[in-house]
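Have a look at the structure below, then the notes.
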Amino acid sequence: MMKKEVRPAQAGRPVDHQKTQQIFSAIDEILAVEGIARLSIERIASTAKVSKVTLYRRFTNLEGVISAYVDSFTQTALDLPSSEEQSQGEFSLAQAFTRLGIQVVTLISQPRVIAFDNAIAAAGPQFQGLKAQLFRHGPQSVVGQISQMLIQARVSSSLFSHAQLADMLFQLWKSDFYDELRFTGKMSLAPEQLEQHVANRTQFFMNLLERESGE
């Protein structure tokens, strides 16, 4: 993802970060009070107290606004080890996965992320294109990052592709607690328990890889 810089259409024009935050806060408010069906350029502009021209100039259309909104979740949330750090052995693969997993589950457990995820899941057919776009910016991007880490570490499987292995680990991180959180709005794990959950699931995944390589 999962990171995308919001650029204005006019070269050299600085981004007004305060105005950007107003726009994203307006989306939060609309989703919480009125639901995703009420999301529109006009409604966002009115709630954020910015002009429609500003929104169109900076984001082009509604999907552009929402994509930037989703990317804002992760701009500072994921601090990934670089390929150089991994190659120098500063992080074992298990440590790197655990570090990433903790960041990912902490991110997706945020109330505003849960609210948006639920809103998108309940959206009608007119939002199918947006759903696909958000999948590319969200889960698919995380899976892509895990897959790249596997490739860099020269880890492979005779049974699964790198993408399948990556999705397996992502689903292990989310399993048990996430569905309950989405439906009840209540986090059953304390921060320390969440970190241990990720560490345990990551170790389970690594054990599976080692078991296959030893067969």
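The opening position of the sequence shown corresponds to residue 1 in the UniProt record's numbering, with each subsequent residue numbered one higher.
Cβ coordinates follow ideal geometry from the N, Cα and C atoms, glycine included.
From the DSSP output, in three-state form, read off residue i for me.
| i | result |
| --- | --- |
| residue 96 | helix |
| residue 38 | helix |
| residue 62 | helix |
| residue 159 | coil |
| residue 51 | coil |
| residue 101 | helix |
| residue 19 | helix |
| residue 168 | helix |
| residue 189 | coil |
| residue 176 | coil |
| residue 154 | coil |
Express the C-alpha separation of residue j and residue i in angstroms, rounding to a whole number.
| i | j | result |
| --- | --- | --- |
| residue 185 | residue 108 | 12 Å |
| residue 152 | residue 168 | 18 Å |
| residue 28 | residue 128 | 20 Å |
| residue 206 | residue 94 | 7 Å |
| residue 26 | residue 160 | 43 Å |
| residue 140 | residue 175 | 17 Å |
| residue 147 | residue 18 | 35 Å |
| residue 208 | residue 145 | 20 Å |
| residue 183 | residue 100 | 25 Å |
| residue 166 | residue 121 | 23 Å |
| residue 123 | residue 35 | 9 Å |
Please list, in chain order, all residues of the same chain as residue i whose beta carbon is under 6 Å from its beta carbon, the five residues on each side excluded.
| i | result |
| --- | --- |
| residue 41 | 52, 55, 62 |
Could you name the residues of the same chain whose beta carbon sits closer than 8 Å to that of residue i, not counting the 5 residues immediately before and after it, in chain order?
| i | result |
| --- | --- |
| residue 38 | 30 |
| residue 111 | 185 |
| residue 170 | 104, 139, 142, 143, 146 |
Enumerate in chain order the residues of its own chain whose CB-to-CB distance from residue i is below 7 Å, with the five nearest sequence positions on each side excluded.
| i | result |
| --- | --- |
| residue 98 | 198, 199, 202 |
| residue 88 | Here residue 88 scores only 47 on pLDDT, less than 50, and its place in the model is too uncertain to base an answer on. |
| residue 119 | 31, 35, 36 |
| residue 116 | 31 |
Quiz prompt | Within the stretch 104–144, ranges of the alpha helix (DSSP H) (whole runs, at least 4 residues) | solution = 111–122, 128–137
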